[in-house]
Each structure stands twice: as structure tokens, then as C-alpha cells.
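Take a look at the structure set out below.
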Amino acid sequence: MKQMYGVATAMVTPFDEDGNISLDRLERLTEFLIAKGVHCLYPLGTTGEMLKMTADERKAVAETVVRTARGRVPVFVHVGAVREEETIELARHACEIGADGIGVVTPVYFSANDKEMEQYFVNVASSVPKDFPVYLYNIPQCSTNDLKPDTVQRIADRCGNVIGLKYSFPDLLRINEYLNVNQGRCSVLTGADRLFLPALAMGCEGAVSGVSCVYPEPFVALYHAVKDNDLAKAKTLHRIAVRCCEVLQNANIAYFKAGLKLRGIDAGFMRAPQLDLNEEELARLKAEMEELKQEAGGLF
């Protein structure tokens, strides 16, 4: 089964000024990311504002990214939803359209105990073919629920297509526990962009990175520096990647979309209730991006 690796970019979802999905903008964003060398695409996650969208809208986004990618990079579609039935519907749809796998966030908002989360993920993973890859997604600071390593192990024991996990809380000790699942055969990716280098050093496969949607270059170069065992270069690139995170307000999606536009890629607007940047915020971002460009020394 295919796995996510390297820089798996968590994509924004472009909306027009009226709040409708802008599929032409999405196609251009997909082409931009592939041209910049990202290793995988991950649409419709937190960065993609997934819970603000209907199931049909999410299907249209998934279809557009898969069709535009044309197999040049793997596409793992995030399908987690508030309702289990909708999650299963989206999981089956992702498989049907030729996605390479799916990500599934824990149940959200309402508290779920370990047994409930285990059964939820087993139900979703069992709804797709046994050779269709499933990644669990733990982001407890947003979802309310925390997916513990022993729960991940029980899920993996019951479903062979659950091959890995995206963990978006900045906790290296917990990452180490996840890496021990399945006797060290669990594919773990960090969702905390600023931990990309230490996560790789610990044995993670890569990062599902929102910041790389705007600035793919330092993350891609960092991954290859690590693979080339060039630690000095990796450390320099890590500092640049962290600066990218800081400039983009540590994963503020409105800053992502504004940053992309300043780089020449129109990623559209935020969907309510979130707001786009005002003129003062935009001017400050533009100045900081210019400074960052100078600091990066021609990297982008």
C-alpha cells in the first residue's frame, strides 16, 4: 500500500467572494505545488476548512485535485466529518475517484472515549477495500479528543489498511510512542510544521504541512537534505522553515491565502465566519514576506 512521505502538503480550499468553491483556482494551486516538488497532496484537512463544507463540495474538491494531479504525486484525501455516515460516504468516494488513500480525523466536538474512537475508526477503515490506505489524524487541540498510542495499536490490529497516523500536536514524546506502534512499522507524520526536522530525525516519514502550501521550497529542500545526510544544510533550512511559520502566524489560514496571493497564486477567500486579512494586516504580511525572501537567500 502507498504511504505518505516527505512533504505532504495540506492544501487550502479556494473560495470566491461569495463563498463558493473556486475549482479553477484549486487547479492552479495543485499545479503550483507539484511544480515546487512536494511529495504528496493532502486536500480537505483542517487547512482546507473541511468542516465548513457540504459532502458534495468536498467531493468536488477531491475530484479536482485527483484529476489535476494525474498520478504525478500521491493524493491522500482527508474525509473526517462530524457524522460517521458522512465520513464513510467520503471515504468510499475517495477510493472510487482514484485517490491513493485517506486521512480521518478523530470524532470532533463531542467527547469520545477510547472504545468509541476505536470502533469509529474500525467502521470507517472497514468501509473501504482492505488494500486502501487509511491514516488516522489526531489534533486534540481542535477536535476535543486525543487518540492514544494503545488505541492506535488496537485499531491497527483490527484493520490492516490502517497504516499510519498524522499527529498535529507538538509533542515529540508522544510521536516516539506512535513510532513504536506495530513494532515500529507505523507510518507517522507530524502536522506541526516547526517540528519537521526533529520529527524526521526520530524516524517520521515526513510532515503533513500547511505552511508548505505557501512556502513549499524550504520544506522540500529540508527533506532532501536529511535524506542526503547533510545535517548542516538541514539545520539552515529548518530555521528558514520556522521563519515561514512565524510570518504566516503559525498556521493562520487567512495568512496562507494572502501569502499565496502575494506569491502570485490566487487562492481565493476565506469562508465565513473566518475573515480575510484587512489592509493593515496585509501590508504587514507583505513587508515580512519581503524580509523573509531576503533571509532565504534566493530559495524562493
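In the numbering used here, the protein residues as written are 4 to 303.
Every residue gets a Cβ at the ideal spot worked out from N, C-alpha and C, and that includes glycine.
Asked                                                                                                                                                                             : Found
Under 8 Å by Cβ, that's how I've got Ala-11 and Val-211 pegged, so tell me the actual separation to the nearest angstrom.                                                         : 5 Å
Suppose you measure from the CA of Val-252 to the CA of Ala-275; what does that come to, to the nearest Å?                                                                        : Here the sequence assigns Gln to residue 252, which means Val is not the residue at that position. Going by the C-alpha atoms only, they are around 19 Å apart.
Using DSSP with H/G/I as helix, E/B as strand and the rest coil, what is Gly-187?                                                                                                 : helix
For the region 115-181, which segments carrying the beta strand (DSSP E) assignment without a break, of at least 3 residues, lie completely within its bounds, in sequence order? : 137-141, 165-170
Check whether the region 30-40 and the region 259-272 touch, using three or more Cβ-Cβ pairs below 8 Å as the test.                                                               : yes
Are His-96 and Met-53 close, meaning C-beta to C-beta below 8 Å?                                                                                                                  : no
With C-beta atoms as the reference, is Val-15 less than 8 Å away from Cys-216?                                                                                                    : yes
Which term fits Ala-290, buried or exposed, when burial requires 16 or more other beta carbons within 10 angstroms of its beta carbon?                                            : exposed
Which term fits Glu-20, buried or exposed, when burial requires 16 or more other beta carbons within 10 angstroms of its beta carbon?                                             : exposed
State yes or no: is the C-beta of Gly-104 within less than 8 Å of the C-beta of Lys-5?                                                                                            : yes
Going by CA-CA distance only, name the one from Pro-132, Gln-186, Asn-126 that's closest to Pro-152.                                                                              : Gln-186
Can you tell me which of Asp-160, Ile-158, Pro-110, Val-137 puts its alpha carbon nearest to the alpha carbon of Cys-145?                                                         : Pro-110
Using a Cβ-Cβ distance under 8 Å, would Val-107 count as near chain C?                                                                                                            : This model lacks chain C altogether; it includes just one protein chain.
With distances taken Cα to Cα, identify the nearest neighbour of Leu-203 among Ile-178, Asn-164, Glu-220.                                                                         : Ile-178
If distances are taken between C-alpha atoms only, which option among His-241, Gly-83, Lys-236, Ala-102 comes closest to Met-7?                                                   : Ala-102
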